[in-house]
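Here's the structure, in structure tokens; my notes come after.
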Amino acid sequence: MSPSLKNTLVGLLILAVLFLIVERVLGKARGPLLRRGWLTDVAYFFFTPFVTRVLSKGGLILPAVLLVWCGVASAEDFRQQTYAGFGPLARQPLWLQAIEIYLLADFLAYWSHRLFHGGRWWPFHAVHHSSEDLDWLSSIRVHPVNDLVNKFFQVTPLLLLGFNPWVTLSTAPFFTLYAIFLHARVDWDFGPLRYVIATPMFHRWHHSRLREAWDKNFAGLFPFWDLLFGTFFMPRGRVPEDFGVAGGFPQDMAGQLWEPVRRLLPNQKRCDTLDADQVG
């Protein structure tokens, strides 16, 4: 369904009320309601569905074209939404496909996330890390290039493996909503489940500027990817507090959208995995 200004505004208001309860009542968060950068994040809330997600959907045309070219689907199948995948994976029950798809999607997202923490990719992801007051609304602060590459990395392999495309595409809204929760201003770690499912505490450490927390906690849903690949960081008795991109990064949306592109231009400063001033 295409986004509308009315639905986007209603969605913003519903989420604002919901996370007012989550952060202020259940999480007992303190501080001003209108924190630094809130206008920038509201701008992203409207920019993302009308621009970023439209561009990201365009990036998914390639796997669809490849499936049509290989003869396993037709353009009409996609238009009528009758294409249900191909091969042995598509013949599995949908519930089993869903389990496999969510596991693989999170695995692919883990490595895509790590990619954006290195070299010339980092400035595009630095947009997301630029919020100095992390809460649910700052989750929407994402550069279109970052979103496009992430979606392409997650969805393309799953479609080419033959999984049901509609179950595959269902991961996008789920991961989006869960990412909003992960950025909530609460220090919840779910106790023993901290190793099973990603929590706000887990992801807020990912946004920390501390050197020891840098390049940690990349998973969006299952922390065992970080445990497996040595990037898990959840120190007991401590909470992450220092957020943002040290050394300075534009705080307005227009500046943030342009900054990664500017750094790619000749004679501009190269932003590596970790600038000398990246740590606090």
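So in UniProt numbering, spot 79 of the sequence shown is number 79, and the numbers just go up one at a time.
Think of the CB as a built atom: it goes at the ideal place given N, C-alpha and C, for glycine as much as any other residue.
What you are looking at is a predicted structure, and each value in this text was computed from that prediction instead of being measured.
**OP:** Spell out the partners DSSP gives F243 in its beta bridges.
**Re:** Answer by DSSP bridge pairing, in chain order: S208.
Subject >> Proximity below 9 Å, CB of H128 to CB of V149 >> reply: No. Outside cutoff.
Original post:
Candidates V145, Y110, D106 and S112: which alpha carbon is nearest P123's?
Top reply: P123 has its Cα closest to that of V145, out of V145, Y110, D106 and S112.
**OP:** For Q97, collect the residues of the same chain with a Cβ closer than 6 Å to its Cβ; drop the 5 residues on either side in sequence, then sort them by chain order.
**Re:** Closer than 6 Å at Cβ, skipping near neighbours: F163, N164 and V167.
Subject >> Euclidean distance between Cα positions of P93 and F46 >> reply: If I take the Cα positions, the gap works out to 37 Å.
Original post:
Going by other Cβ atoms of all chains shown within 10 Å of its Cβ, with 16 needed for buried, is I61 buried or exposed?
Top reply: I61 is exposed by the Cβ-count criterion.
Original post:
If you draw a straight line from the alpha carbon of D275 to that of E241, how long is it in whole angstroms?
Top reply: Any reading at D275 must be qualified, since the residue scores a pLDDT of 47, below 50, and its modelled position is unreliable; the value itself is stated next. C-alpha separation (whole angstroms): 20 Å.
**OP:** Identify, in the order they occur along the chain, each residue of the same chain with its Cβ nearer than 6 Å to the Cβ of L67, setting aside the five sequence neighbours on each side.
**Re:** Cβ neighbours of L67 beyond the five flanking positions: A73.
Subject >> Minimum C-alpha distance to V42 - residue among S131, S170 and L55 >> reply: Here the closest residue by C-alpha is S131.
**OP:** Write down the C-beta distance between G27 and R185 rounded to the nearest angstrom, noting that I regard them as a contact closer than 8 Å.
**Re:** The Cβ separation is near 6 Å, so the contact holds.
Original post:
Out of G31, L13, F19 and D133, which has the shortest C-alpha to C-alpha gap to Q251?
Top reply: By alpha-carbon distance to Q251, the top candidate from G31, L13, F19 and D133 is D133.
Original post:
Closest by CA to D228, which one among M253, T199, H207 and Y195?
Top reply: Before going on, a small fix: residue 228 reads as Leu here, not Asp. Looking from the CA of L228, the closest CA among M253, T199, H207 and Y195 belongs to Y195.
Original post:
When burial is assigned at 16 or more other CB atoms within 10 Å of the CB, is F222 buried or exposed?
Top reply: So F222 ends up on the buried side.
Original post:
Does DSSP classify E132 as helix, strand or coil?
Top reply: Here E132 sits in coil by DSSP.
Subject >> Proximity winner among H206, L210 and F243, relative to D226 (alpha-carbon distances) >> reply: Per the Cα distances, H206.
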